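Student: When you line the sequence shown up against the working numbering, it's residues 25 to 578, in that order. Let me give you the structure first, and then I'll get to my questions.
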Amino acid sequence: MSLTLNKSTKFDGVKGPVLTIVMDGVGLAPNTVSNAVATAYTPNLDALMANYPMVALKAHGTAVGLPSDDDMGNSEVGHNALGAGQVFAQGAKLVTQSIESGKMFASSTWQEVIGNVKANNSTLHFLGLFSDGNVHSHIDHLKAMIAEAKAEGVATIRVHILIDGRDVGETSALEYIDPFEEYIASLSDANCNIKIASGGGRMKITMDRYEADWSMVELGWKTHVLGEGRQFASAHEAVEAYRSELHVIDQDLPPFVIAEDGKPVGTVEDGDSVIFFNFRGDRSIEISKTFDAPVDAFDKFDRIRVPKVVYAGMLEYDGDLHIPARFLVNPPEITETMGEYLANTGVKQYAISETQKYGHVTYFWNGNKSGKFSDRLETYVEVPSDVVPFEQRPWMKCAEITDKLIEALESGAYDYYRVNFPNGDMVGHTGSLAATRCSMEALDLQLGRILTVVDRLGGVALITADHGNADEMFEMDKKSGQPKVSKDGKMKAKTSHTLNKVPCIIYDNTDAKDHYTVKADEGNFGLSNVAATMVNLMGYEAPAKWDESVIELK
């Protein structure tokens, strides 16, 4: 089947460039002290919301393929939906279904992982994000696998915990560690010894993405595999000690090693098996490469010792590069994406962001596909991100992204453009209200620059977001609508995404707006409705499989 778009019989399309602007992490929420979007000085965004057609899009839960509407959205599933024009079942749901059906435990990968440790009388290691945030992982998946491993006769299990504080409360670590210690104590007996072996904050070790900071992975390797680092008797003790000494939130906790009699309880050795239990791909690829790569094919850092293990990821994190070599659950097969249709139709495309979200406007937008559909028709641009805490430079690379985008727009070389500004998300995750306001103001300046050029070129822009974050910087009390206050009288920072809808604004000062109307916002639109909208604006009919456009062509 040839995936090409048919020209519309109603509308020839916008004569100038058509652009999708993704304001990452910018949701719609009441104007309270908690809302860094509403309380920032953003005259351009304010004017857009006041003077141009806008619908609110669902960006979480079932609208982006997650198990329930209690599940917050994230950038990966959000960009999948934006680029695919459809909703596909995503990682969390796939893993839950695989566990509940028993399919995971019947898989050849699970059997190889378990068979290896039983044959060698060795250790089964679990490594991953330790919370129920359900964005990268879920602790229930971990517990189910531990219980099954014990049932299948595994004698020694070690767990390496990456502490969250980003997709869950910023100081919630002990709410997961203490019950989990009780859980594994209830399972441990003379035939099965289960312990937490190491850990550290997710923004300190192991979970780097897009090769922005390999030193995080190196530190994780030394902690989990080699057992190097500051020793504690328990994870609880480590968390309390670091909080007391450093006054940092969970995601920034330094690495720690659990030891008995001065010896680490869970280094990774030859003959062991390792499962990385995150289901989301972006922060899983580098550690998977580190485990899978042969000694002479890895140059990112000195691994010092490379144990011969059976390593498996929860999913295949990169389907084109086949990372990792073994995985427990097949990822969603996302097909018939916007990028593929446009390339096959001969539409020239330009995608840009900085490192932190470059993969989102390329790999995730294209349905978890590495590379391009057409080298001739597509240009992808990555602006290297700063390797500093985001609250220290909340403007990030938005000006540089805009410089390059404007250059591309003025070149006239492309028909369709997409750009992601990470500010609202990456800075929002720090929990700093002041920094996040600053990030929004920096972004707003760039919106003004871009839209001026769009007008001059006779183009149209759709301004949206992939999920909320900056719109709710404090934990909110649902009854009062006011921020929650901690024992010391301070408002409790929120570092996770929100469940709020996101804006979808159509900026059009051309004659094209006479050829369509924006549909009534009845609360049913989601991110997957954007793709059809974009191709309609370009003068094409949307594929029948896609979710409907938010505009009606006349």
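For every residue, glycine included, the Cβ atom is placed at its ideal position computed from N, Cα and C. Computed from a predicted model, the values in this text were never measured in an experiment.
Using only alpha-carbon positions, find the residue among Gly37, Ala437 and Lys518 that is nearest to Asp188.
Tutor: As a working mapping, residue 188 is identified with position 164 in the sequence shown. Here the closest residue by C-alpha is Lys518.
Student: Cβ atoms of Ala262 and Gly223: under 9 Å apart, would you say?
Tutor: Translated into the one-based positions of the sequence shown, residue 223 becomes position 199. Translated into the one-based positions of the sequence shown, residue 262 becomes position 238. Cβ distance < 9 Å, so Gly223 and Ala262 count as in contact.
Student: Looking at Met240 and Gln275, is the spacing between their C-beta atoms short of 9 Å?
Tutor: For this step, residue 275 is matched to residue 251 along the sequence shown. For this step, residue 240 is matched to residue 216 along the sequence shown. Against a cut-off of 9 Å, the Cβ pair of Met240 and Gln275 comes out as no contact.
Student: How is Ser297 classed by DSSP in three states: helix, strand or coil?
Tutor: Within the sequence shown, the letter at position 273 stands for residue 297. Reduced to three states, the DSSP call for Ser297 is strand.
Student: So if DSSP puts Cys422 in a beta bridge, which residue, or which two residues, is it bridged to?
Tutor: Position 398 of the sequence shown, counted from the start, is the residue given in the question as residue 422. Bridge partners of Cys422: none, in fact.
Student: Which value, in whole angstroms, describes the spacing of the CA atoms of Ser146 and Gln380?
Tutor: The count along the sequence shown starts at 1 and reaches residue 146 at position 122. The count along the sequence shown starts at 1 and reaches residue 380 at position 356. So the alpha carbons of these two residues sit roughly 38 Å apart.
Student: What is the residue span of the beta strand (DSSP E) that Pro527 lies within?
Tutor: Locating residue 527 in the sequence shown gives position 503, where the first residue counts as 1. Element bounds for Pro527: Val526 to Asp532.
Student: Is Asn104 closer than 9 Å to Gly391 when the C-beta atoms are compared?
Tutor: In the sequence shown, the residue the question calls residue 391 occupies position 367. In the sequence shown, the residue the question calls residue 104 occupies position 80. Cβ distance < 9 Å, so Gly391 and Asn104 count as in contact.
Student: Please go through the same chain and pick out, in chain order, the residues whose beta-carbon is closer than 8 Å to the beta-carbon of Gly563, but skip the five residues on each side of it.
Tutor: Here residue 563 is taken as the residue at index 539 of the sequence shown, counted from 1. Same-chain partners within the cutoff: Lys31, Ser32, Phe35, Asp36, Gly37 and Val38.
Student: Exposed or buried, which one is Glu242 when buried takes at least 16 other CB atoms within 10 Å?
Tutor: If you number the sequence shown from 1, residue 242 lands on position 218. Burial call: buried.
Student: For Asn59, count neighbouring Cβ atoms within 10 angstroms of its own Cβ and tell me buried if that reaches 16, exposed if not.
Tutor: Mapped onto the sequence shown, residue 59 falls at position 35. The residue is buried, with at least 16 neighbouring Cβ atoms inside 10 Å.
Student: Determine the direct distance from the alpha carbon of Phe325 to that of Thr247, and round the result to whole angstroms.
Tutor: Along the sequence shown, one-based indexing puts residue 247 at 223. Along the sequence shown, one-based indexing puts residue 325 at 301. If I take the Cα positions, the gap works out to 14 Å.
Student: Cβ atoms of Ala74 and Asp468: under 9 Å apart, would you say?
Tutor: Sequence index remark: in the sequence shown, residue 468 carries index 444 (1-based). Sequence index remark: in the sequence shown, residue 74 carries index 50 (1-based). Cβ distance not < 9 Å, so Asp468 and Ala74 don't count as in contact.
Student: Between the C-alpha atoms of Met128 and Glu310, what's the straight-line distance to the nearest angstrom?
Tutor: Here residue 128 corresponds to residue number 104 of the sequence shown, with the count starting at 1. Here residue 310 corresponds to residue number 286 of the sequence shown, with the count starting at 1. Straight-line Cα distance between these residues: approximately 23 Å.
Student: Look at the alpha carbon of Gln121 and the alpha carbon of Leu90, and state the distance between them as a whole number of angstroms.
Tutor: The count along the sequence shown starts at 1 and reaches residue 121 at position 97. The count along the sequence shown starts at 1 and reaches residue 90 at position 66. Their Cα atoms are separated by approximately 12 Å.
Student: For Phe154, which of helix, strand or coil comes out of DSSP?
Tutor: As a first step, residue 154 is located in the sequence shown; it is residue number 130 there, counting from the start. DSSP places Phe154 in strand when its eight states are reduced to three.
Student: Assuming Phe650 is part of the alpha helix (DSSP H), what are its boundary residues?
Tutor: What is shown of the chain runs 25 to 578, which leaves residue 650 out entirely.
Student: So does His84 have its beta carbon nearer than 8 Å to some heavy atom of the ligand NAP?
Tutor: Although the ligand NAP was asked about, the structure shown includes no ligands whatsoever.
Student: In the structure shown, what three-state DSSP assignment does Leu339 receive?
Tutor: Along the sequence shown, read from residue 1 onward, the residue named residue 339 stands at position 315. Here Leu339 sits in strand by DSSP.
Student: Using the rule of at least 16 other Cβ atoms within 10 Å of the residue's Cβ for burial, across every protein chain shown, is Gln373 buried or exposed?
Tutor: For this step, residue 373 is matched to residue 349 along the sequence shown. Per the 10 Å Cβ criterion, buried.
Student: If you reduce the DSSP assignment to three classes, tell me which class His149 lands in.
Tutor: Your numbering for residue 149 matches position 125 in the sequence shown. Here His149 sits in strand by DSSP.
Student: For the region 206-253, list the beta strand (DSSP E) runs that are entirely contained and at least 3 residues long, ordered along the chain.
Tutor: For the region 206-253, whole beta strand (DSSP E) runs of length 3 or above, ordered along the chain, are 217-225.
Student: At 4 residues or longer, what runs of the alpha helix (DSSP H) sit wholly inside the region 380-448?
Tutor: Listed in chain order, they are 422-435.
Student: Judging by CA-CA distance, which residue of His162, Gly492 and Asp95 is the nearest neighbour of Leu151?
Tutor: Numbered from its first residue, the sequence shown carries residue 151 at position 127. Per the Cα distances, His162.
Student: From Tyr404, Asn447 and Thr488, pick the residue whose C-alpha is nearest to that of Cys422; which is it?
Tutor: As a working note, residue 422 is residue 398 in the sequence shown. Residue Asn447 is the option with its Cα nearest to Cys422.
Student: Across which residues does DSSP place Ser377 in a beta bridge pair?
Tutor: On the sequence shown, position 353 is the one that residue 377 refers to. DSSP, once it has assigned bridges, lists Glu406 as partnering Ser377.
Student: Look at the alpha carbon of Thr454 and the alpha carbon of His160, and state the distance between them as a whole number of angstroms.
Tutor: Working through the sequence shown from its first residue, we reach residue 454 at position 430. Working through the sequence shown from its first residue, we reach residue 160 at position 136. If you take the alpha carbons of Thr454 and His160, they lie about 17 Å apart.
Student: To the nearest angstrom, report how far apart Leu270 and Thr476 are at their CA atoms.
Tutor: Looking up residue 270 in the sequence shown gives position 246. Looking up residue 476 in the sequence shown gives position 452. In a straight line, the C-alpha of Leu270 is about 46 Å away from that of Thr476.
Student: In terms of residue numbering, what span does the alpha helix (DSSP H) encompassing Tyr266 cover?
Tutor: Translated into the one-based positions of the sequence shown, residue 266 becomes position 242. Looking at the DSSP string, the run of the alpha helix (DSSP H) that includes Tyr266 is Ala259 to Leu270.
Student: What is the residue span of the beta strand (DSSP E) that Ile185 lies within?
Tutor: Sequence index remark: in the sequence shown, residue 185 carries index 161 (1-based). Counting along the chain, the beta strand (DSSP E) containing Ile185 begins and ends at Thr180 to Ile187.
Student: What is the rounded straight-line gap between the Cα of Glu252 and the Cα of Asp156?
Tutor: By one-based count along the sequence shown, residue 252 stands at place 228. By one-based count along the sequence shown, residue 156 stands at place 132. So the alpha carbons of these two residues sit roughly 28 Å apart.
Student: Under 8 Å by Cβ, that's how I've got Phe397 and Ile425 pegged, so tell me the actual separation to the nearest angstrom.
Tutor: As a position in the sequence shown, residue 397 is number 373, starting the count at 1. As a position in the sequence shown, residue 425 is number 401, starting the count at 1. Phe397 to Ile425, Cβ: 23 Å. No contact.
Student: So within the region 451-507, which uninterrupted beta strand (DSSP E) runs reach at least 3 residues, ignoring any that extend past its ends?
Tutor: Listed in chain order, they are 484-488.
Student: My guess is that Leu81 and Asn553 are in contact by the Cβ rule of under 8 Å, so how many angstroms apart are they, rounded?
Tutor: For this step, residue 81 is matched to residue 57 along the sequence shown. For this step, residue 553 is matched to residue 529 along the sequence shown. Confirmed, Cβ separation roughly 7 Å.
Student: Can Lys537 and Glu576 be called in contact, C-beta distance under 9 Å?
Tutor: Here the question's residue 537 lines up with position 513 in the sequence shown. Here the question's residue 576 lines up with position 552 in the sequence shown. The answer is no: Cβ separation not under 9 Å.
Student: Between Asp439 and Gly102, how many whole angstroms is the CB-CB distance? I'm expecting something under 8 Å.
Tutor: Here residue 439 refers to the residue found at position 415 when the sequence shown is read from its first residue. Here residue 102 refers to the residue found at position 78 when the sequence shown is read from its first residue. That pair is no contact at about 24 Å.
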